[in-house]
Each structure stands twice: as structure tokens, then as C-alpha cells.
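Engineer: Structure in C-alpha cells, see below.
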Amino acid sequence: MENVRLRFAPSPTGPLHIGGARSALFNYILAKKYGGTFLVRMEDTDLERSSAASEENIKESLKWLGMDWDEGVDIGGDYGPYRQMERLDIYEEAVNKLLAEGKAYYCFCSEEELDKEREEQSARGETPKYGGKCREMTKEEQEARLARGEKPVVRFKVPEHEEVVIDDLVRGRVVFETDGIGDYIIVKSDGIPVYNFAVVLDDVTMKISHIIRGEEHLSNTPRQVLLYDALGYEKPQFAHISLILGKDRSKMSKRHGSTSVVAYREQGYLPEALVNFLALLGWSPEGEEEIFDMERLIADFTLERVSKSPAVFDLDKLKWLNGMYIRKTAPERLLEFALPHLINAGLVGEEPTEEEIAWAQMVTEALKNHISSFGELPLLIKEYQGQVVYGDGVLDELRELGDTAVTVMTAVLEKLEKMEAVTSESYKAMLKEIKKETGIGGKNLFHSVRIAKTGSTEGPDMDKLAVIMGRDRMLERGQAFLTFMKELS
RNA sequence: GGCGCGUUGGAGAAGCGGCUUAACUCACCAGCCUUUCACGCUGGCAUUCAGGGGUUCGAAUCCCCUACGGGUCACCA
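Numbers 1 to 489, taken from the working numbering, label the letters of the first sequence in order.
Set out below in C-alpha cells:
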């Protein structure tokens, strides 16, 4: 493929959300795959909702995920500017052309009138669409009303009884009837073009070759195609990827949990895990491997393997993936991600000392197999440092262990009291001794200690945990355990 | 309501008319490994593809109808 130019064109009306990030990712991957250009442009014509903060958030999120653009906002390029509000002259020229050719017209209808019209149509069970009241207005009337200072909108004159065919790269051939589409607004009364119009001009002038976007735009596409035709432009290839749904199969929204990329960053997800997860939302690899770094994604990704059916956001899978990535991340990088969470939880000072760093490193290494995001790290630590709770889950096991556990813990307490501090080595040595003295080993020994100390059958190696807890807390918990066992029997 | 899209196990999904006695992944269960747990490894887990018709020697795969779920019909993008 030649001259592959793909774009991500968000509107800066909020933080970058999961769906947007996935659209960006697919565009990014394909651009890289075919040695093309990936550009980022801002669709900021909604003055009320657009904000500089949102734009910053979007750019930051993209960079965090590892999607740097070759062209676009901030860095410029040959087809700029890359914010729609800075491109108004381009749109104006096109509107004038359409107006002059009679392919568009001024509409003076008030919002109240239009609302009323729509209401009546819905009441009659019809498709709400503009009736075309201003379509045949005389030149004289137009001029007069313009002269009076009235601010009209510009509507595109939709051809009647035609079919618009879209050959979508993922959905195949999709046909729309123009009769179902009313003359739609292309320029608002304040002179600012509307998305469906601006997007066409931008994609044309920026020489976009493929438009990959969410399925919610599929029904917009005929409107845009009509404009390409009216303006005499060549159409790009379209690919509409399915929506991202929540667990209950409704469109992914706040009530399904976090939707923004930064939220996942804050919860302690690794960017590479999120990228991997996002790629799997709608795309499926050929083999059985599901762990893909960006490089492999670029190598293996194809639109042919993008699904038409909606993708469901499965948080469990994200967690699993994140855990996988956490486990293979190098210690230094692991620390880099873990530290902010430890600081936030007050486990480490704002300006960590060398000792604190060493401690943080030790803890993260010890617990990395047991967390699925860094946000869980301080929670786990605090759990080990607080009161032990013996939940229903471990009661059966405790009853089974019975006296064995009591014997083990009594011995542990005895030895602990004689020790000043606990290290990983001294702890291991202690357990070995107990094994020799009591003859209890293996699962009976380890499980007794583990459950007694943590109230859980699962967790990090006990010698590491011993260091995290410290001698005093272990003594405390050991006592508590013996008391608890007395009550249990 | 119109238009358009989708519907495969507990969950995410592959499948594009015979190679399917329906991949793979998560979750779950069992075994191995580890003096314990986790990690890892091995195995188990849909006689069935929303329901009903049809086409065909043959259908999860093609056609029609029904049901259900999203999307869209804005001076939002």
C-alpha cells in the first residue's frame, strides 16, 4: 500500500476514553505496519464542550500508551493546521462553492420551529427529518433576511431517491437510502462548520487514505459520502470498528467502571498491558498467544481479523494481562510504577530515603506475583500490617490442620521471641529447625504459618512476608492466632 | 418509529458451505513442579452455535421471518 495516511481525530471534550484509545491504536498500528503516517488532529468545533485541558489529557494519554504521532497538533506538518478552529477558511471556501452551485442553501428556521416539526413527526411515527422549508426560498428573500442581520445555518441539499453505498473494510457493503436523510446542517448559525462537514474537508486536505473509527459513525458516513461526491473529492477507505460494551452488553459508560485512560494509569496498569488489551478488543490474533507488545501487534494486526460484533470490556482479562506484564517487568521499571502508589498510601515518604527505596523494591519484588495492578500493592501491604481476619474461606482448612497448626505456631512464637529482628534467611532457618524438632513439614508446616499470619491460603513467600510484617507484628498475629484456635475448638 | 449493525460455553472470542466429534484466552476443576501458596506446565470444561422456517447430498457458516441487544436519526462529535 502506498501513501497510507491515518489519523486519530478526537474532539477535546473530555479525557481520552477506552474507545477512543482503541481507535487511535488501530490507526496507529496500521500506519506503522504500512510505513505510513499517523496524524493527530483536534475536532474542536464544539466551542461549549471543548477545552484545552481535554486536549492535553488526550495527548498525554496517547503518549503514555506509546502512540507518538508523525504529524499533527503540537508538532505540525505539511497539511496543517491541525485544529479545526484554525482551519475555518478552508471550510468557508467549500461552503461558498456548494452555495454557489446550489448544492447547499441558507436556512432561517428557528430552533423552536425545528423542535416542533420533529415532535410532530415522531408523534406520527415518522422519521424526524428536516422538511425542507427553506429549500426553495427565493434569492430576494434570502438577501433581505441576511441584510436584516438574521443568522442562518447552511444546509446541504440531500439528493432524492438515491442510494449511498459504503464499502466498509470491516462491515462489507452497507447501503443507505438518501430519502431517509433530511437536509442536514453543515454550518451552524455562528459560522462554524459542523462535524460531518469539517471532517470531510479535513480528511480530504490531509490526504487521509483510511478512516478507522467507531461504529457509532457508520450512520454518519452516508452524509459524509454525499459531501465527498458534491465536492468532487475522492473518498478514502472506511473501516468501522464495533463498539466497546460493558459487562451487561450496553455501551461502555461510567457505570461499568473507569472509562478513561488516565484512570487506568492511576490504578496502576502498565501502558503495554492496556495497549495489548485494547488491541484484543475487536481484533483477535491468529494463534493461541494473546500477549502482544506493540512491535508484534504491528506485525500481526490486520483489519481482516477485526470483528463485526461488539467487543465486551472484560476487566478480569485486563487484570490478568496486567499481572502478566507486571511479572515480566524489570525490577527498576517495576519500582518506578510502584513507588507513586506507595507514596500515595503513606508507606513511603514524599522524598523516599535510600532505605525506603530499598524497602519498596523488596516489597514490590515480593508481592509482584500477587497483584494485578499497582494499586493493589499498598492495599496488600496494609492488610499484612493490620489485624488478621480469619474468614470463612480458611476455616475448613484450619479445622483440618487443627493441633498441627497450634504446635507449629507455638514453636514459631517461642523462637521469634528470642530473635531481635527477622530477615529472610533467619526466618527460613527457623522454619527448618521447627521442621526438625516437630517433624511437621511440607504443606502442613507452610500452610499453618501462612494462614495463621495472613488469614489466607494464598500469598507471597513466607520468608519475604516475614520481613514485610516484622518481628513484632508476627508475634502479635501469632498470639491472636492461638487465641482464635482455642475458640475454634 | 425509520435506517443500519450485531446475537457462538460461566466470560472474552475463532469460525467465511464439507478439513469442526466448534480453535484460542480468561475463570473454574484435577494432576505435576515448588518443603506451602502463587508463577509455570499438563489435562478436563459447548453433541452445539438466539428461536423458527427454507436452500443444499451437506449449514454455526447462504436466504427469509421472529425475538433480543447496541448504534444513529442534534446549530455534539
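All C-beta atoms, glycine included, are put in the ideal place defined by N, C-alpha and C.
#1: Which runs of the alpha helix (DSSP H) at least 4 residues long sit entirely within the segment 135-222? Give them in chain order.
#2: Just to confirm the assignment, what range does the beta strand (DSSP E) spanning V389 have?
#3: Can you grab the Cα-Cα spacing for the pair N369 / D190, in whole Å?
#4: Going by DSSP, name the residue or residues bridged to F238.
#5: Return the bridge partner residues of M42 from the DSSP annotation.
#6: When you compare the CB positions of G131 and E117, do they come within less than 7 Å of one another, or not?
#7: Compute the distance between the beta-carbons of S209 and P236, then report whether it is under 7 Å.
#8: Checking the sheet assignment: what are the DSSP bridge partners for E71?
#9: Any idea what DSSP makes of K247, helix, strand or coil?
#10: Hey, out of S54, G268 and T457, whose CA is closest to A338's CA?
#11: List the residues that DSSP assigns as beta-bridge partners of N283.
#12: What did DSSP end up calling L6 once you bin it into helix, strand or coil?
#13: Assign V312 to one of three DSSP states: helix, strand, or coil.
#14: Tell me H17's beta-bridge partners as DSSP assigns them.
#15: A466 by DSSP, collapsed to three states: which one?
#16: V153 and I185 look like a contact to me (Cβ under 8 Å); what is the Cβ gap, rounded to whole Å?
#17: Helix, strand or coil, according to DSSP, for G76 in the structure here?
#18: Name the DSSP beta bridge partners of C107, please?
#19: Please report the residue range of the alpha helix (DSSP H) in which Y91 lies.
#20: Leaving out five residues on either side along the sequence, give the residues of the same chain with a beta carbon under 6 Å from the beta carbon of K319.
#21: When you compare the CB positions of I244 and M252, do they come within less than 7 Å of one another, or not?
#22: Measure the C-alpha to C-alpha separation of A366 and F374 and round it to an integer number of angstroms.
#23: Cα separation between L274 and G232?
#24: Would you mind stating whether V95 and V164 have Cβ atoms separated by less than 7 Å?
#25: In three-state DSSP terms, what is G478?
#26: Measure how close the beta-carbons of G66 and M294 come, nearest whole angstrom, since I'm counting them as under 8 Å.
#27: Judging by CA-CA distance, which residue of T438, D229, M324 and F301 is the nearest neighbour of L98?
#28: Taking its Cβ as the centre, do 16 or more other Cβ atoms sit within 10 Å of R265, making it buried, or is it exposed?
#29: Use the C-beta contact count for H161: other C-beta atoms within 10 angstroms, 16 or more gives buried, fewer gives exposed.
#30: Can you list, in chain order, the residues of its chain whose CB lies under 7 Å from that of M549, leaving out five sequence neighbours each side?
#31: I need the boundaries of the alpha helix (DSSP H) containing Q267, first residue and last residue.
#32: Alpha carbons only, please: which of G14, A9, R22 and A52 is nearest the one belonging to L39?
#33: When DSSP labels each residue in this structure, what does V363 get in the three-state scheme?
#34: Starting from the Cα of T259, find the closest Cα among R327, V312 and G172 and give me that residue.
Structural biologist: Looking at the atomic coordinates:
#1: 139-147 and 195-205
#2: Taken as a continuous stretch (DSSP letters only), V389 belongs to no beta strand (DSSP E), as it is neither H nor E.
#3: About 57 Å.
#4: D168 and I211
#5: R83
#6: yes
#7: yes
#8: L39
#9: coil
#10: For A338, the closest alpha carbon among the candidates S54, G268 and T457 is that of G268.
#11: For the sequence presented, residue 283 should be read as Trp rather than Asn. Here W283 is bridged, per DSSP, to V306.
#12: Assigned with DSSP and collapsed to three states, L6 falls in strand.
#13: strand
#14: S260, per the DSSP bridge assignment.
#15: helix
#16: 5 Å
#17: strand
#18: Secondary-structure assignment with DSSP links C107 through a beta bridge to V153.
#19: L88 to A100
#20: Hits under 6 Å: S372.
#21: yes
#22: 13 Å
#23: 41 Å
#24: no
#25: helix
#26: 6 Å
#27: Taking only the C-alpha atoms, the option nearest L98 is D229.
#28: By the neighbour-count rule (16 or more Cβ atoms within 10 Å), R265 is buried.
#29: Around the beta carbon of H161, fewer than 16 other beta carbons lie within 10 angstroms, which makes this residue exposed.
#30: Missing from the structure shown is residue 549; the chain here goes from 1 to 489 and no further.
#31: Run containing Q267: none; DSSP gives neither H nor E here.
#32: Relative to the Cα of L39, the nearest Cα in the group G14, A9, R22 and A52 belongs to A9.
#33: helix
#34: V312
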